[in-house]
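Colleague: What follows is a structure written as structure tokens; I'll ask about it next.
Residue numbers (the UniProt record's numbering): 1 to 515.
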């Protein structure tokens, strides 16, 4: 329930939600008063042929409709604000957890994280709408029952008893729906995960000719998601049918009772019109209140998945620096023990090439402090990395991943720097790429750089790395996509790195001419 509280009530949204509930409740109360006014018009104006009274009551009825429309408009606007800002906060919380320096023990796929931070966050934030609907339904039902009691208290008592029994019964049978919604959302996340991952790796799939296998896996995941969704919809439909049936039974009972009382002369014609109108009004709030259990179950399922993401244990437990917050400036800028026991070191202004075979990825993750480290296994400017913590290490060391991400936007946006550094553009050979783009560094690169070739994307990632302010730069296969004819530029890059103020490690899992 913590996620529901954050989505609907935190950051000052509580008072706004109360105002939205008040506005929507006013709308429902006004709807309940409409048949009361119509019955009054029948008895006091039409029945007595009083034209003045007719005009007065019609004016009152028009004023009621104006208030009804305004209250609905204001309530919807306030409730939408609560929903949108609550959804935004939940997505920010998910993004903070995913980007946390401590990482996550469970490696969740991009598609799963995307589903949780979008679909599930939207469902959880939608609880504000449930609160507004349920609050207004209760107010409308209360107004209708009180109005009905003035006409016939036995009829009002029947409505109250049936409504209470309906709420208790549906709440009892809606328990399994929670697990079904959770399972449905989990299966949908798995299908979304495969779709996202296959889309990101489409070029690789085509290269290996693996499209049929990928398609088969996605079709199976999609069918499982569909089956889970159908099970949930069937359960929801059964509850809806039962709810509607009970409401219709109440409507028929009240109308029949009013007709019998009017026939006996116990109530007037205007009262009969009021009772029939109120029975129609009562049906809506009763259905809404009866469906509360199912709606809450759906929100709880999404809140559970979101809570599991936020509560995921850290891969790196200790995040706070335990010794020096600033590294000591020593001769060795970087010193680390590789998996095979080899010690890699780099001095200030020095460029070191490392042929790491199949351990390049693991070494890059250690250098970025994205994996747990043993004490005395990694030093940055003479300070133990475990004392600096992940953030402290990353303030001094920038690791450019081999499969980096190009973001939607322009070339300049992707450099993540306040200004364009001409020497970095030349060293990365991105200046050659810019000559072929329509707007130079202001050219759009498309979603995930889809408008660029593989070599152009890698040059952009290399230029981004060279624009970073950290004194130590680690490049993992920065030029592999350019082809063998361009590999000589690695030597040029190695020569220019010290001139730009970087110490560097260059990780190569395969033989390279200059290493």
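C-beta atoms are modelled at their ideal positions from N, C-alpha and C, and glycine is treated no differently. The structure presented is a predicted model; accordingly, all values stated were derived computationally and were not measured.
Consult DSSP for residue 382 and reduce its assignment to one of helix, strand or coil.
Modeller: Here residue 382 sits in coil by DSSP.
Colleague: Residues in its own chain within less than 6 angstroms of residue 275 by CB, not counting five upstream and five downstream?
Modeller: 151, 258
Colleague: Residues in the same chain with beta-carbon distance under 7 angstroms from residue 365, minus the five sequence neighbours each way, listed in chain order, please.
Modeller: 371.
Colleague: Per DSSP, which one or two residues make a beta bridge with residue 343?
Modeller: 337
Colleague: Name the one or two DSSP bridge partners that residue 410 has.
Modeller: 444
Colleague: Please go through the same chain and pick out, in chain order, the residues whose beta-carbon is closer than 8 angstroms to the beta-carbon of residue 262, but skip the five residues on each side of it.
Modeller: The residues are 268, 269, 271, 272.
Colleague: What would DSSP say about residue 474, mapped onto helix, strand or coil?
Modeller: strand
Colleague: Taking residue 355 as part of the beta strand (DSSP E), name the residues at either end of that continuous run.
Modeller: 351-355
Colleague: When DSSP builds the beta bridges, which residues end up paired with residue 398?
Modeller: 473
Colleague: Using a 10 Å radius around the Cβ and a threshold of 16 neighbouring Cβ atoms, would you call residue 120 buried or exposed?
Modeller: buried
Colleague: Whole angstroms are fine: how far does the CA of residue 426 sit from the CA of residue 208?
Modeller: In this structure, the alpha-carbon of residue 208 lies about 34 angstroms from that of residue 426.
Colleague: Please give me, in chain order, every unbroken run of the alpha helix (DSSP H) with length at least 4 that falls completely inside the stretch 286-315.
Modeller: 292-310
Colleague: Count Cβ pairs between the stretch 47-66 and the stretch 295-309 that sit closer than 8 angstroms; are there 3 or more?
Modeller: no
Colleague: In whole angstroms, what separates the C-alpha of residue 383 from that of residue 462?
Modeller: 27 angstroms
Colleague: So which of 24, 106, 78 has the shortest CA-CA distance to residue 516?
Modeller: Since the first residue shown for the chain is 1 and the last is 515, residue 516 is missing from the structure and cannot be characterised.
Colleague: Grab the span of the alpha helix (DSSP H) containing residue 232 for me, first residue to last.
Modeller: 211-264
Colleague: Sort out for me which residues DSSP pairs residue 332 with in a bridge.
Modeller: 347
Colleague: Is the separation between the beta-carbon of residue 460 and that of residue 449 shorter than 8 angstroms?
Modeller: yes
Colleague: By Cβ distance, which residues of its chain are closer than 8 angstroms to residue 442, with the 5 residues on each side in sequence left out?
Modeller: Counting only residues of its own chain and dropping the five nearest sequence neighbours on each side, residue 442 has a CB closer than 8 angstroms to the CB of 410, 411, 412.
Colleague: Determine whether the beta carbon atoms of residue 339 and residue 359 lie at a separation below 8 angstroms.
Modeller: yes
Colleague: Determine, using beta carbons only, whether residue 393 and residue 334 come nearer to each other than 8 angstroms.
Modeller: no
Colleague: What would DSSP say about residue 324, mapped onto helix, strand or coil?
Modeller: With a pLDDT of only 45 at residue 324, under 50, the local geometry of the prediction cannot be trusted, and the value read off the model is given with reservation. Three-state DSSP puts residue 324 in coil, outside helix and strand.
Colleague: Just to confirm the assignment, what range does the alpha helix (DSSP H) spanning residue 107 have?
Modeller: Neither: residue 107 is in no alpha helix (DSSP H) and is coded neither H nor E.
Colleague: Could you tell me how far apart the beta carbons of residue 194 and residue 221 are, in whole angstroms, since I believe they sit closer than 8 angstroms?
Modeller: 5 angstroms
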